[in-house]
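Chains as they are written, first to last, in full-length UniProt numbering: chain A, 1 to 151; chain B, 1 to 151.
The structure under discussion appears below in the form of structure tokens.
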DNA sequence: ACTCGTGCCGAATAGTGTGCGGCTCCGGCG
DNA sequence: CGCCGGAGCCGCACACTATTCGGCACGAGT
């Protein structure tokens with residue numbers, strides 16, 4: 001994981017579809033060298049994949065929210081089951097098992113406020129292990145797609 | 001945004017680096033047709049970009065957390081300033097402006113628990129507009145990289 | 001029936017990915 | 001000090017790919 005690897009990672013985070021030649025030229029190395037590095041990064045698990053970034057509105061998802069959920073009892077089995085159930089739902093974009101007052105943070109993405117409400121009462125309230133939840137509608141968000149190594 | 005467009009979006013969310021030919025063959029259309037569709041999706045803003053998915057551990061980020069922040073006063077100026085300041089920090093992966101008890105949700109990614117603590121006391125406590133915060137360490141997470149249109 | 005517009009296709013060309021042999025650099029060791 | 005071995009980078013050649021463009025088919029409107 002030297003300077004060249006970091007640079008490759010940085011570039012591919014920003015634009016995963018630039019040609020290998022362009023990437024190599026930008027970093028000042030030969031295409032073959034660059035290709036070999038990229039393949040090693042893949043093999044080592046540093047690069048886990050390449051994904052298109054899609055506008056949620058185009059998929060009819062105009063409302064996003066975080067739902068904090070408290071489970072009862074917070075046992076391994078309950079947590080795993082809930083996590084799997086949530087993740088399987090199309091409205092759910094991400095699931096986080098967290099420490100603190102709440103046990104879960106579920107990132108949901110739905111067409112409308114009505115759909116959010118339906119989701120909450122049909123998919124959460126209905127589940128016995130849900131001891132309580134609180135939802136935070138997202139007004140604005142900014143995600144980073146480039147992360148540098150720390151330290 | 002017909003069935004073919006949706007299929008293209010689905011495929012490119014899963015693997016943004018597959019060749020146009022492979023994509024076309026998988027969807028049963030000619031490569032030239034497929035290419036034209038992809039370009040239109042780009043132009044329409046449906047496809048916003050292509051990003052490599054990088055293992056955070058490889059970038060020396062072994063601890064992730066959500067930090068909920070309450071601001072004082074929650075005015076537009078304070079919110080915008082805080083958002084920009086947070087987003088500029090390398091430890092911050094995402095910033096969400098939310099409704100509810102808290103005003104912000106900051107997704108941070110750091111090398112260690114010590115680094116998280118340092119971040120909290122050096123970057124948050126220090127800021128005057130921060131009226132309070134609560135951090136939730138992420139034990140486990142699952143993100144989806146494929147989202148289908150809803151309804 | 002005719003025309004126009006839209007979208008798809010297939011072929012041709014320019015450009016790209018990929019494997020491989022050889023080169024250079026550098027550290028270890030006699 | 002000279003030699004050896006390995007690692008990493010390079011450039012070339014070939015197969016494959018992206019991209020452009022003219023043409024065709026289909027459906028709507030007149």
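Cβ atoms here follow ideal geometry from the backbone N, Cα and C, with glycine treated the same way.
query	result
Reduced DSSP category for residue 1 (chain A) - H, G, I as helix; E, B as strand; rest coil	coil
Endpoints, the alpha helix (DSSP H) within which residue 114 (chain A) is located	113-119
Coarse secondary structure for residue 29 (chain A), derived from DSSP in three states	coil
Within-8 angstroms CB hit, residue 133 (chain A) to chain B	no
Residue from A:52, A:138, A:38 whose Cα sits closest to the Cα of residue 42 (chain B)	A:52
Option in B:2, B:89, B:108, B:18 with minimal Cα separation from residue 134 (chain B)	B:108
CA-to-CA distance, residue 75 (chain B) to residue 4 (chain B), given in whole angstroms	44 angstroms
Stretch pair the segment 10-29 of chain B + the segment 79-92 of chain B: three plus CB contacts closer than 8 angstroms	no
Contacting positions in the segment 94-119 of chain B - beta carbon closer than 9 angstroms to chain A	94, 95, 96, 97, 98, 99, 100, 101, 102, 105, 107, 109, 110, 111, 115
Within the segment 45-100 of chain B, ranges of the alpha helix (DSSP H) (whole runs, at least 4 residues)	76-88
Under 8 angstroms between C-beta atoms of residue 61 (chain B) and residue 110 (chain B)	yes
Below-8 angstroms beta-carbon distance, residue 4 (chain A) vs any chain B residue	no
Euclidean distance between Cα positions of residue 128 (chain B) and residue 7 (chain B)	49 angstroms
Residues near residue 115 (chain B) by beta carbon distance below 8 angstroms, same chain, minus five either side	63, 91
Closest residue to residue 101 (chain A) among A:58, A:67, A:45, A:17 (Cα-Cα distance)	A:67
Whole-number beta carbon distance between residue 58 (chain B) and residue 16 (chain A), since they are thought to touch under 8 angstroms	Contact doesn't hold; Cβ gap of about 16 angstroms is too wide.
Spatial neighbours of residue 37 (chain B) in its chain, beta-carbon cut-off 7 angstroms, leaving aside the 5 residues before and after	4, 5, 8
8 angstroms Cβ cutoff, residue 122 (chain A) in contact with chain B	no
Pair within 8 angstroms by beta-carbon distance, residue 137 (chain B) and residue 98 (chain A)	yes
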